Structures are given as structure tokens and as C-alpha cells.
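Asks:
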Amino acid sequence: MSATTYGWLVLAFPLAGTVVISLLYNRLPGRTAGWIGTGAIAASFLSALGALFMLLDHGREERQLVGTLYDYADTVGVDAQLSILIDPLSVLMALVVTGVSALIHLYSVAYLASDRGYSRFFAYLNFFVFSMLVLVLAGNFLLLIVGWAFVGAASYLLISFWYRRATATSAGIKAFVINVIGDVGLVLGTYFIFKHTGTLDFLGTFEKVPDEFATNDGDLVAGCILLLVGACAKSAQVPLHTWLPDAMEGPTTVSALIHAATMVTAGVYLIARMHPLFEQAPVAADVGAVIGCVTLILAATIAMAVTDLKRVIAYSTMSQIGYMVMGVSAGAYAAGLFHLMTHAFFKALLFMAAGSLIGAMAGTQSLDRMGGFRRAMPFTFGCFVVGGLALAGVPPFSGFFSKDEILLLVGDRGGWHWILYAVGYAGSLLTAIYTFRMIFRAFLGDPVPEARELEQGHVHHAGTPTNPMTGEEEDTDVGFPGPEHHIAERSLPMKVAMGALAVGAVVGGVVQIPHVTEVLHDFLEPTFSESELYEAHPSGGLTAFGLALGAVVALAGIAIAHRVWVQRPGTADRVRARLSGLHRVLVNRWYFDEAYDAAIVRPAAAVGRFAQQTFERLFVERTLMGGATGIVRAGSSAVRAAQNGFLRYYAALLLLGLAALAFYFLLAAT
Amino acid sequence: MAIGWYLAVSAFVFCIGAAGVLTRRSPLVVLLCLELMLNAGNLALIAFSRMHGNGDGQIFALIVMVVAACEVTVGLGLIVAMYRRRLPIDVDRMRDLRG
Amino acid sequence: MAEVLFFVAGTGAIAGAIGVVVLRNAFYAVLALVGHLLSLAALFLLLRAEFVAAAQVVVYAGAVMVLYVFVVAYVGGQDEEMATQGSGLRLAAPLFAGVLLVELCIATLGSGLQAIDGDGAPFDPAFGGPGQIGELFLTKFLLPFEIASYLLLIAAVGAVILARRRRGLDDGDRDDDGPLDIPRPRGTGTMAEAVDALGGRPGKPKGGW
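Protein chains in written order, with our numbering: chain A, 1 to 670; chain B, 1001 to 1099; chain C, 2001 to 2209.
(1) Quick check: L82/A and L69/A, are their CB atoms within less than 8 Å of each other?
(2) Quickly, what does DSSP pair D71/A with across the bridge? List them, please.
(3) Quick check on DSSP: helix, strand or coil for T466/A?
(4) Would the stretch 145 to 156 of chain A and the stretch 272 to 285 of chain A be scored as touching if the rule is three or more Cβ pairs under 8 Å?
(5) Determine, for P2130/C, whether the minimum Cβ-Cβ distance to residues of chain B falls below 8 Å.
(6) Roughly how many whole angstroms lie between the Cα atoms of Q2056/C and Y664/A?
(7) By Cβ distance, which residues of its chain are closer than 6 Å to A651/A, with the 5 residues on each side in sequence left out?
(8) For L2142/C, decide whether its Cβ has a neighbour in chain B, counting only Cβ atoms nearer than 8 Å.
(9) Just the Cα atoms here: how many angstroms apart are L647/A and R1093/B?
(10) So which residues of chain A does L2100/C contact, with C-beta pairs closer than 8 Å?
(11) Would you say L1028/B reaches chain C, if we count a Cβ-Cβ gap shorter than 8 Å as a contact?
(12) So with Cβ pairs under 8 Å, would you call G645/A a contact of chain B?
(13) Can the beta-carbon of P468/A be found less than 8 Å from the beta-carbon of Q365/A?
(14) On the DSSP bridge assignment, give the partners of E473/A in chain order.
(15) May I ask you to list the residues that DSSP assigns as paired with Q512/A?
(16) Would you check if there are 3 or more beta carbon pairs closer than 8 Å linking the stretch 157 to 168 of chain A to the stretch 45 to 57 of chain A?
(17) Consider the Cβ of A1018/B: report whether some Cβ of chain A lies at a distance smaller than 8 Å.
(18) Could you check if Y591/A is buried or exposed, using at least 16 other CB atoms within 10 Å of its CB as the buried criterion?
(19) With V2021/C and A1019/B assumed to form a contact (beta carbons below 8 Å), what rounded beta-carbon distance in angstroms separates them?
(20) Can you name the start and end residues of the alpha helix (DSSP H) that R633/A belongs to?
(21) Using the Cβ count rule (16 or more neighbours within 10 Å means buried), how would you classify T435/A?
(22) Could you give the residue range of the alpha helix (DSSP H) that holds S539/A?
(23) Within a Cβ cutoff of 6 Å, which residues of the same chain sit near M341/A, ignoring the five residues on either side of it in sequence?
(24) Report yes or no: is there a C-beta of chain C within less than 8 Å of the C-beta of L666/A?
(25) Could you list which residues in chain C have their beta carbon closer than 8 Å to that of L1034/B, in chain order?
(26) Beta-carbon of R116/A versus every beta-carbon of chain B: anything under 8 Å?
(27) Taking only beta-carbon positions, decide if A652/A is within less than 8 Å of chain C.
(28) Checking contacts by CB at 8 Å: is R27/A closer than that to chain B?
(29) Check this for me: beta carbons of A300/A and L430/A, under 8 Å apart or not?
(30) Is the separation between the beta-carbon of M324/A and that of V238/A shorter than 8 Å?
(31) If you drop the 5 nearest sequence neighbours on each side, which residues of the same chain put their C-beta closer than 8 Å to that of D2170/C?
(32) Cβ closer than 8 Å: which chain C residues qualify as neighbours of G1053/B?
(33) What residue from A175/A, K174/A and C232/A has the CA that sits closest to G185/A's CA?
(34) Would you mind giving the Cβ-Cβ distance between V1021/B and V2071/C, rounded to the nearest angstrom? I have them listed as a contact below 8 Å.
(35) Buried or exposed for I302/A, going by 16 or more other Cβ atoms inside 10 Å?
(36) Could you name the residues of the stretch 2018 to 2040 of chain C whose beta carbon sits closer than 7 Å to any beta carbon of chain A, in the order they occur along the chain?
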């Protein structure tokens, strides 16, 4: 079987999984839906491996294969085909997506076991994986947009999974609305490019770009900026980032899969895929780099102050994706994608461990109420530490190599990119601090009552289930989380999944150690062959400096966190009191939500109110519709008067008709 | 007398009958006025039969009489049925079939 | 002589007609109609339609009017009230009738038929006699003859069904359910039932238009 056939199989298995689970959703006993879903993704992963091997069979020059299944339209100027592109970039993305998804599915089999919406969850999750794979395997803009939109829809479905929770549904709507803004950007950007190239096919477009567009051509820059809008919306970059923290309303596995490992990386993939366009429009690429940089430092500062466990990890995701966006915008494609891969491992691991911890806390997510779980949950603690070390960038964990390679290549560009370099390392320091703040607060110190209960061997159960954010009461029926809480220590599927990811987080770095092993860089070379930035090789001196600085920064961050939260317990409160203004800004997330509310949401609501009360009610209802119906009713009531039931009246009409007829005939006879 | 006179009488009686149908409230009397109209038609038919000199008009008039008899039978049967059910014998009050 | 008879009979006919329309008492109206019919029979005789005249007296005035008299006696044709509704119709009815009359007169008098000015076509003495009528019925107009007898049968059966009692002898006091009074949901059936069942307003949906 050829590589493209494997590519179609990669798409087929999750789709089949979704359809099967959806059709049989209320007939699947116990955890069957979970195993079907996991099996489908595992099969997809194996197909992706098959595609990889088939691809490697080809020579280096022929590693961009297009498989077309169906020609939608081939009319004047528009070539719309159902085609996928199998090349190193898409195969890498497919492997990462299917691999991490399979492990997350495995984890979810146990994690959501008591939820009434179990089958629905796996149907949605499989649908999401299918959509993401459509996105990464797409061979033309059309399928890319389709996958993009489906992924947004799947994200909405999964964020609002516990649909009877008002906060969850609002969060889902918020995410979807911001995603749609991104969709609009993507489609408009496509249009700007299509206008000149005349083809929707990727390879065809990339070939034509150097000829059709001058460097920094107005239309191209506009198109690339619009593509960036799409990427920023999907990847939660400033200013379209406000949906990601609220998306933590979904189950933890959803956060792990969508909002850490896969969906939010779609923006990074987009920029990497569109690199010929961005290289021909360096202005847009620079904008992208700056956005990535701003996001990474902004998110890192916010993560220092928030106290909800999942939101700390969410902001950390935002920050790390900022690194990736900055990297691929500045030309560090292999490094950015390498960080994407390692981030998928350790961030999913962190979310899974967080899920286990939240389970032990019976649904509470606030760090203020956690503490001292080290003895009660050793496996979870170990996973947290592994993930945290990888995230902070401590050698020899994978995160160290990937993050530093990005910063290295960014700095190597020179000029004003040194500012990005410096900010990147500052962000690294903050990353290490807030990561270990989270770990030390949750696991070290005196055990809280829930931890003590767990040490006795008994998982804490909340009296009445409540919404972790607002505290309002819920029940455990469909639409709300199930009554049981699952922790890793007691569940084999969860342990296996977390263990696999922990291994990946630890050893994943070996594929791309600068100057030593460049497996990823070589592998991705056919995709980026015409890019000059790809061949950049920083000097050995800069490399060594960067690696050393990275290690020092990470360890310093851990040390600071240890000092503040473990050795001198009151320090955090004193700092907060001293910098209360800054703290307030950070806790309120730099007031982005409030600004959007004032600038966009309220005016929109006011317009809606005006439209409804004034325009709709008065004009449309009263005048147009009331008038039209009034006329009809008046007419019909006038006609209805003729049916009054009087025999004599009818007889009179008969006679009148007869007279009229006679009159007519008399006239006709003259 | 010229045939036209008979036709004039027929027209008069017909219109009087029509006015009666429109004016009277008792269904009995309405049927009577209907009889008037039918008879006016009969008169016209006989007159024309005399005019042409063959008996076709008279046959027609006889058939009209048969039809009138049938109609009276059924109509009066209806009135009797109405009376039996204690419905008002008044065309103005029998107006259920209204829109 | 014929003219005198014609005027007498014509006046009688029109007087009888007016009497039917004007008289308030139903019985008097029936009697007026009988008078009208007899005058009409005289007119038929003047037109040499002897058989039809005889049939008119025997069948129409004799049988049909007797039927009327029976029903008036049974129903008790009380003097009817003045029309309360449709009083506009009381003014309009003579008007419509007058209009029709004018048109008919114009039609007859203004037509190009010359024959109506004459006394009629020459005929043989058997014209209008039973022999001629019978011959016509059994040869040229056999089908109408048979259908007319069939019609009489239908009418008779219909009248019997309409006016029969059901279920015993003392049911005349009860309001019987007719054959069509099957139980129906509220609001279906005639419009008037619907109006009453839905509380006075025909099918108005709630909450505005």
C-alpha cells in the first residue's frame, strides 16, 4: 500500500469510530465505547506509522505525495478536490496527533467511567481527532478550512460536554465565537492568496508564490496577516487568547487533548505549512514572531498569579505555544515543530496528572485548597515532577532541547530578534517558577484533609457535587460529571497512558540535540527544501551559550520556587501584599476580558437590544407583518361576511346573479 | 290574446315569488313562494307550447310539476323533522353553516 | 270573451301570488296559493292545454296543496314575527325582484320574436288532449318520463326517512341524536360549534398575532 493509501486509512479509522459509537451510543455496555474509540485511534496511529515507512521508501526528492480521492469541482478558475498531502510535515503532525490522542483516549476510558455521557464523549473525541487529521493532512486550502472548522466545532462540543453547567456552555460559546473570527481570517486570507495564484492546491500555490508576488506584496502581506489571525485564534495567542482559560470547563482529558497537544497547535502547523508565503512576506512573519513573544511573556506572568490548577496549566500552554509561534514565524521550523512534539508529551502528561489530582480532591481545582499529596499519590507526584521538569526546560528532559533550539535560532537571526531572545529566556525563568509553584503547593507541605483521607486508603467524596468555579450545586446525572472520581494510583489505563507520556517527555529530546542528532531536521527537510531560513546553522559558541543559559535559568527558577513556597512559607503572601497592584492586574488576566466586554460585547448587546425592541418590534412586527396580515385579515373578514348563514341572503345573491346574467345577455343581444 | 300577455303574467308571478322567497321567514311560506316561481315557469312553458303548436312544452310543464311535487315532499318532510326536534321554524335562526 | 276570461284569470293569479307573499298567517298563504293555482289552470285552458290544466287542478291544487295544509296544521304555522335581521333585505328584495321583472319584460317585449304577438300556431283539435300527451310521453319523452317516476320514488323514500320517529313511541319529546351526531372533539364540526367550544372567538391564537 502506498503512503497516500495509509493516509486515507489514518482518516478513515477515527471517522469510523465516530460513526459506530454515535449509531450505537445507547447500546454499548460499560466501557465498550471507550475501547472502540481508543482502538480506532490506535489503528489510526499504526496507519500513520505505515505512511511514515512508505514515505521513507521514497527518495528525498519525492517525499511530497498528493492523493486525490474525489474531484468536487473543476470549473473556471476553481480546482476543488478532496486531496491529502503526505509529506514529512503532515506525517509528523499525524503521528503526534494520533499517538498522543490514543494515550489520552486510553486515559479517558477510566477517567470518565461513571459519567452518564460516556459514549457521547468518545464519539465527540473521535470526531475531534478525525477533524484534526483532516486539517493536518489536507492537500489544499479547501480541506484545510473544512478541517479547521470541524475542529472548532469539536472543541465547542467538548468544552460544553457537561452541558447542564452554565459556565461550561458559556465557555464553549466563547471559544466557538473566537474560533469563528479565526475562521473568517483564514478564509479571507485564502482568498487573498487565491486571487493571484488561481489554485487552491498547496503544492501548486507554493510553486507560484515567488513568481506571482513580489517581496512584501500588499495582497500577500494582507493574506498572511489574515492567516495569522486564524492561527492566533486557534492557538490562543494575543489578542484572541481569552477563550483558552475558560475552555478548562471541559473535562480534563479534553483539556489535555485539545487545548494542549493538538488543536492549539494547529496555528503553528498553519504557519509552518505556509512558510513559502510568510518568507515572501517577511513583514507578516515578523508580526507573527512579535505576537508569539508577547503572548509567551503575558501568559507566563498570569500563570504566576492564578490559583486554579487547570488554569495555571492552560496559561502555560498559551505561553509555550507563544514560543512555537515565535519560532516558526522567525524561520525555526524544525525547532518549532520539535517543541510542538515535546510539548504535546509533557503538557498532556501534566493535564492527566492534574486530572488525577482533581479526582483526589473530589472535583475541587483550587490550589489554595491543595497541599501535601506527596505521600498519598506518589505516581501522580512523579508524573507531575517529570512533566514539570520537561516544561521548565531542565536538561536532559525533552523540553530543554526543544525550547532552547527555538531561542537559539531566533537569536541567530540577529538584529531586533535579540529582544525576542531575551524575552524568551525571561519567560523560561517564569515558566520554571510557576510550574514548580504549582507542584510545591499541591504536593509538598502539610497534607490537607483530602490527602489524609487518601493516605488512609479512601478517596474523598464531596457531599453534594458543586461547580468548581462558582460553587453552585449540581447533581451527577447526564450533563454533569459522574459521581465517581478516578485517580491514577487506582486505575491501570490511566497509569499506562501517563507512563507512556512520561517516557516520551524524558527521552523525547534525543531526536534533536543540536549538533549531535538532527533526526527531525533531516526528516522535515523535503517540506522546507526551498526555504533559506531552514538551513540556518548557529555557531557552536552561540549554541553552547544558549544551552548553558537555558539550564541555568531553569534551575534558578526551580530554586526560587522552592525558596518561596517550601523553605520560607510566608514569602508569597508578603510579596503579594507588597505588589498588590501588579498582583491584581495579573489575577484579572491583564483585564483583556473586561476590555473585550466593554468594547465589543456590550455594544453588540446594545445593538441587539435596539434591533429587537425598536426595530423588530415596531417596524417589522407592527408595520410590515402587522400591516400585511392586517390587510389580509381585513380582506378575508370582508369576504367572510358573505357567509353569514342567512338563507334569504343567499337567495338574494342568487337572484341578483340571475338579474346580472340576464342583463348581460340583454346587452349582448343589442 | 297574444302570447306575450301570458308571458308578462308569468314574469310578474315569477318576480313576486322571488320577492317572497327573499322576504318571508317561515320556511313553509318560502316553499310556497318557490311554488309560485315554478308555476310561473310552467305558464311560460305552456304559452310557448301554444306558440309553437306542439306538445313539447306541455310535457316539460308536467315534468316540472313532478319535480315540484318531489321537492315539496322532501321540503315538508324537513320542516316536520325540524318541528319534531323542537328547532325554531325560522330561516333566520337556522344559520349554523356560517363562516 | 277570451280576453275577459284572460284578465280575470290573470288578475286572480297575480292576486294569489301577492297574497302568498304578503299574508302573515301561513294557512292563509296556502289558501292564496290554491287560488293562484286555480287561476293558472284557467289560463292553461285558455292556452288549449286541457290535460295540463286538469293535472294542475287534480295533482297540484288537489294533492300537493293538501299536503301543505296537513303540514301547516301539524306545525301550526303561527304568525311570524317581523324580520329582525336582514331588514335591509326587506327593502332590497322588492328592488331585486323589480329589476328582474324589468329585465324579463324587456327580454320578452324587446325580443325579435314575432310569434308572441300572435295567437299561436294553428293546431289540430287533439292538441293538448290526453292522447297527445300520452303519445309524447311514451315515444319522444320516454326517458324523462321514467326518470321522473324514479325521482318521485326517491322523494317519497326521502320524506319517510326524514320524518320518521326512532326508538319507540314517546320519543317525540326527546332531542334525538341524528345519524350524524357522532361524538367529536371540541372545536371540530361546524364553525359555529367551534366558535362556541373555543369560548367565543374563532381560533384566535394566543399571544398576539
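Just so it is clear, CB atoms sit at the ideal spot from N, CA and C, and this is done for glycine as well.
Bear in mind that the values here come from a model prediction, so they are computed numbers and not experimental data.
Replies: The structure says:
(1) Taking the first sequence and counting its residues from 1, one reaches residue 82/A at position 82. Taking the first sequence and counting its residues from 1, one reaches residue 69/A at position 69. The answer is yes: Cβ separation under 8 Å.
(2) Looking up residue 71/A in the first sequence gives position 71. For D71/A, which the question treats as bridged, DSSP gives the partners Q81/A.
(3) Here residue 466/A refers to the residue found at position 466 of the first sequence. Reduced to three states, the DSSP call for T466/A is strand.
(4) With a cut-off of 8 Å, the stretch 272 to 285 of chain A and the stretch 145 to 156 of chain A do not count as touching, because too few Cβ pairs lie within range.
(5) Counting from 1 along the third sequence, the entry for residue 2130/C is found at position 130. Not an interface residue.
(6) Here residue 2056/C refers to the residue found at position 56 of the third sequence. Here residue 664/A refers to the residue found at position 664 of the first sequence. When rounded, the distance between both Cα atoms is 34 Å.
(7) Looking up residue 651/A in the first sequence gives position 651. Correct list: empty, nothing qualifies.
(8) As a first step, residue 2142/C is located in the third sequence; it is residue number 142 there, counting from the start. No - not a single Cβ of chain B is within 8 Å of the one on L2142/C.
(9) By 1-based counting over the first sequence, the position of residue 647/A is 647. By 1-based counting over the second sequence, the position of residue 1093/B is 93. Near 10 Å, if we compare the C-alpha coordinates of R1093/B and L647/A.
(10) One-based indexing of the third sequence puts residue 2100/C at position 100. What L2100/C touches in chain A: L655, L658, A659 and A662.
(11) Residue mapping note: residue 1028/B aligns to position 28 of the second sequence, counting from 1. So, interface residue.
(12) On the first sequence, position 645 is the one that residue 645/A refers to. Closer than 8 Å to some Cβ of chain B, the Cβ of G645/A qualifies, so yes.
(13) By 1-based counting over the first sequence, the position of residue 468/A is 468. By 1-based counting over the first sequence, the position of residue 365/A is 365. In this structure, Q365/A lies closer than 8 Å to P468/A by Cβ.
(14) Residue 473/A sits at position 473 when you count from the first residue of the first sequence. According to DSSP, E473/A bridges with T466/A.
(15) As a working mapping, residue 512/A is identified with position 512 in the first sequence. Paired residues: E518/A.
(16) Short answer: they don't touch.
(17) Working through the second sequence from its first residue, we reach residue 1018/B at position 18. By this cut-off, A1018/B is an interface position.
(18) Indexing the first sequence from 1 puts residue 591/A at position 591. Exposed: under 16 other Cβ atoms inside 10 Å.
(19) For the purposes of this step, residue 2021/C is taken as residue 21 along the third sequence, with counting starting at 1. For the purposes of this step, residue 1019/B is taken as residue 19 along the second sequence, with counting starting at 1. Between V2021/C and A1019/B the beta-carbon gap is near 6 Å, inside 8 Å, which marks them as a contact.
(20) Against the first sequence, residue 633/A aligns to sequence position 633. Looking at the DSSP string, the run of the alpha helix (DSSP H) that includes R633/A is G626 to R640.
(21) Within the first sequence, the letter at position 435 stands for residue 435/A. So T435/A ends up on the buried side.
(22) Against the first sequence, residue 539/A aligns to sequence position 539. No alpha helix (DSSP H) holds S539/A; DSSP gives it neither H nor E.
(23) In the first sequence, the residue the question calls residue 341/A occupies position 341. Around M341/A: V96.
(24) Within the first sequence, the letter at position 666 stands for residue 666/A. Yes, L666/A lies at the interface with chain C (some Cβ there is under 8 Å from its Cβ).
(25) Within the second sequence, numbered from 1, the residue matching residue 1034/B stands at position 34. Neighbours of L1034/B on chain C: none; closest Cβ ~10 Å, over 8 Å.
(26) Counted from its first residue, the first sequence places residue 116/A at position 116. Not one chain B Cβ lies under 8 Å of R116/A.
(27) Residue mapping note: residue 652/A aligns to position 652 of the first sequence, counting from 1. Yes, A652/A counts as interfacial toward chain C.
(28) Position 27 of the first sequence, counted from the first residue, corresponds to residue 27/A. Not flagged as an interface residue toward chain B: R27/A, since no C-beta distance is shorter than 8 Å.
(29) In the first sequence, the residue the question calls residue 300/A occupies position 300. In the first sequence, the residue the question calls residue 430/A occupies position 430. Yes.
(30) Start at 1 with the first residue of the first sequence, and residue 324/A comes out as number 324. Start at 1 with the first residue of the first sequence, and residue 238/A comes out as number 238. Not a contact, by the Cβ cut-off of 8 Å.
(31) What you label residue 2170/C is simply residue 170 of the third sequence in a count that begins at 1. Its pLDDT being 48, under 50, D2170/C is placed unreliably by the model, and nothing is read from it.
(32) Here residue 1053/B is taken as the residue at index 53 of the second sequence, counted from 1. Near G1053/B (Cβ distances below 8 Å), the residues of chain C are G2120, A2121, P2122, F2123 and F2127.
(33) In the first sequence, residue 185/A corresponds to position 185, counting from 1. Residue C232/A is the option with its Cα nearest to G185/A.
(34) Your numbering for residue 1021/B matches position 21 in the second sequence. Your numbering for residue 2071/C matches position 71 in the third sequence. 18 Å between Cβ atoms; not a contact.
(35) Here residue 302/A corresponds to residue number 302 of the first sequence, with the count starting at 1. Label assigned to I302/A: buried.
(36) none
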